[in-house]
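Novice:
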Amino acid sequence: MLKLHDELITELSNSLTTQNYNPVVVANHRLYARAFLDYLAECDIQVETVTPQQVDQYFGYAVQDFEIQYGRPPSARWHMLPRTAIAKLLRLAQGNWPPDAEMIGPDDEHRHEICREYEAWLREERGLASASIAALMWEARNFLRWQFDRAGAASLETLSIVDIDLYMDMRAPGLRRKSLADVAERLRSVVRHLHRTGRIPTDLTPHIIGPMLYAYEDVPSTLERSQIAAVLATTQEDRSPRGLRDYAILQLLATYGLREVRYAASAR
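Here our numbering is used: the sequence shown runs in plain steps of one and ends on residue 289.
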C-alpha cells in the first residue's frame, strides 16, 4: 500500500507540473495528499474505495488535530486547499471524483434540513461572522451525523444529557481545556436551536458544561532551569547600568524567589 501511495503522490506531482502549476502549489498539494493518505493507511482504508463521507470524516479528524496543535478551530476557508488537493488525488486513484450522487435517505435529508435552517438562523438572525458560522456549523454537522448514525433521526425526540455526555466524551480525547470549552459552547448553540425549533423536548443547554478556564492559564506558572539560565545569559550581555540592575534583580529572583514587592523596592 505504501508503494501505491508513493506512486500516487508522484503521479499527482507530475500531473500538476505538466499543467504548469507553481512549484510551491505542487509542494502544498503533495503535503496535503500525503497527510490524507497517511490517515487512510492508519484507518486501513483503500484509496480506491474512499467515499465522500470518509473524506468528511478525515476533515473532522484534521480539524480536531488543528485544535490540538493551535488551541483554536481553523478559519472558515482553511479546508479549501486541502480539499482541492485530495479531490485531484482521488480523481487519479478512482478515475471519477466526486462519484455520481447516491440516493439520500430520509435521515440524511432531515439532517441537511436542520443544518440549512440552523445556518440561516446564525447568519440572518444572529448576524455572526463567516468564521464563527463555519465553526458552529462544523460542530452541528458532526454532532447530528454522530447522533443519527448511532440512533437515527427519531432519537432527537428523546435526546438526553446522557447522549450529550457521550458526545463530549467522544470529542474530548487529545483536546486542551480551551478547545474542549469551545466544543461545549458550540454544542450548546446547536442544542439551543434544536429546542427552540421544537425538535428536542427539553432544553439541555444548562447541562452542557465545559471545563473552567482561568485568565492567563496558558502562561506557565514556572520556568524550567534551562529557560531561567537562558534569560540570565541574555540579560548579562547588557552592560549598561540598567542592564546590570536587571541582571541583579533576576539573579535574586532565580536564587531566592523574592516577591515582586521586594524586588521592586530594591530597584529604587
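Even glycine gets a Cβ: it sits at the ideal position worked out from N, Cα and C.
Taking buried to mean at least 16 other C-beta atoms within 10 Å of its own C-beta, is Ala150 buried or exposed?
Specialist: exposed
Novice: Suppose you measure from the CA of Val204 to the CA of Arg263; what does that come to, to the nearest Å?
Specialist: 47 Å
Novice: Can you have a look at Pro103 and say buried or exposed, based on whether 16 or more other CB atoms are within 10 angstroms of its CB?
Specialist: By the neighbour-count rule (16 or more Cβ atoms within 10 Å), Pro103 is buried.
Novice: According to DSSP, is Arg93 helix, strand or coil?
Specialist: coil
Novice: With 16 other CB atoms within 10 Å as the buried threshold, where does Leu23 fall?
Specialist: Because Leu23 sits at a pLDDT of 46, beneath the cut-off of 50, its placement in the model cannot be relied upon, and the following sentence gives the value as read from the coordinates. It counts as exposed.
Novice: If you draw a straight line from the alpha carbon of Phe169 to that of Arg246, how long is it in whole angstroms?
Specialist: 52 Å
Novice: Taking just the CA atoms, how far does Asp86 sit from Leu201?
Specialist: 13 Å
Novice: Is it the case that the region 81-97 contacts the region 132-149, given that we only count it when at least three CB pairs across the two stretches are under 8 Å?
Specialist: no
Novice: Is it buried or exposed, Asn163, if we count other Cβ atoms within 10 angstroms and call 16 or more buried?
Specialist: Asn163 is buried by the Cβ-count criterion.
Novice: Could you check the C-alpha separation between Trp118 and Thr70 for me, to the nearest Å?
Specialist: If I take the Cα positions, the gap works out to 11 Å.
Novice: Specify the secondary structure class of Asn41 as computed by DSSP and reduced to three states.
Specialist: coil
Novice: Any idea what DSSP makes of Trp167, helix, strand or coil?
Specialist: helix
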